[in-house]
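S.K.: Counted from 1, the sequence shown has number 66 at position 66 by my numbering; the numbering is strictly sequential.
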Amino acid sequence: MNVLTLSDHLGAYLVIGAFLFATGIYGMARRRSLIGMLIAAELVLAGASVNFMAFSHFLAPTPATGQIITLFIMAIAAAEVAITLSIIIAVYRNYKSIDAEDVSELKE
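(1) I think GLY66 touches MET53, with their Cβ atoms under 8 Å apart; what is that distance to the nearest whole Å?
(2) State the start and end residues of the unbroken alpha helix (DSSP H) segment that holds ARG93.
(3) Is the stretch 75-86 touching the stretch 36-44 in the sense that three or more CB pairs, one from each, lie closer than 8 Å?
(4) Beta-carbon separation of GLU42 and ALA64 under 9 Å?
(5) Using the Cα positions of LEU45 and LEU59, report the straight-line distance between them to the nearest angstrom.
(6) I'd like to know whether the C-beta atoms of ALA79 and GLY47 end up nearer to each other than 9 Å.
(7) Using the Cα positions of LEU71 and LYS96, report the straight-line distance between them to the nearest angstrom.
(8) Leaving out five residues on either side along the sequence, give the residues of the same chain with a beta carbon under 7 Å from the beta carbon of PHE55.
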């Protein structure tokens, strides 16, 4: 007797990926602090990675394709975090705040 579990369906992974992506988009639109926006951007990248891995597992002829794309996404996310945190530190030193509304004009 073959019992299908939730992990046997592509749709379950796509729903999880879409939820992560939508939560990240909502967080980027609603967050006031730059750190919150950074975390929301990471959720967007995580949602995209879950979808790539799901499609790779269920539909791709070679499963390494989704894994390689996910590794590239992880590398981009690491570079994004490093650059964004350095920008946040520079903004905090100049404006003494990391609120996005307080830093609406970036002039020298």
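In this text, a Cβ means the ideal position worked out from N, Cα and C, and glycines have one as well. None of the values given here were measured: they were computed from a predicted structure.
M.R.: This is what the structure holds:
(1) 5 Å
(2) 64-95
(3) yes
(4) no
(5) 21 Å
(6) no
(7) 36 Å
(8) Taken in chain order, the residues that qualify are GLY66.
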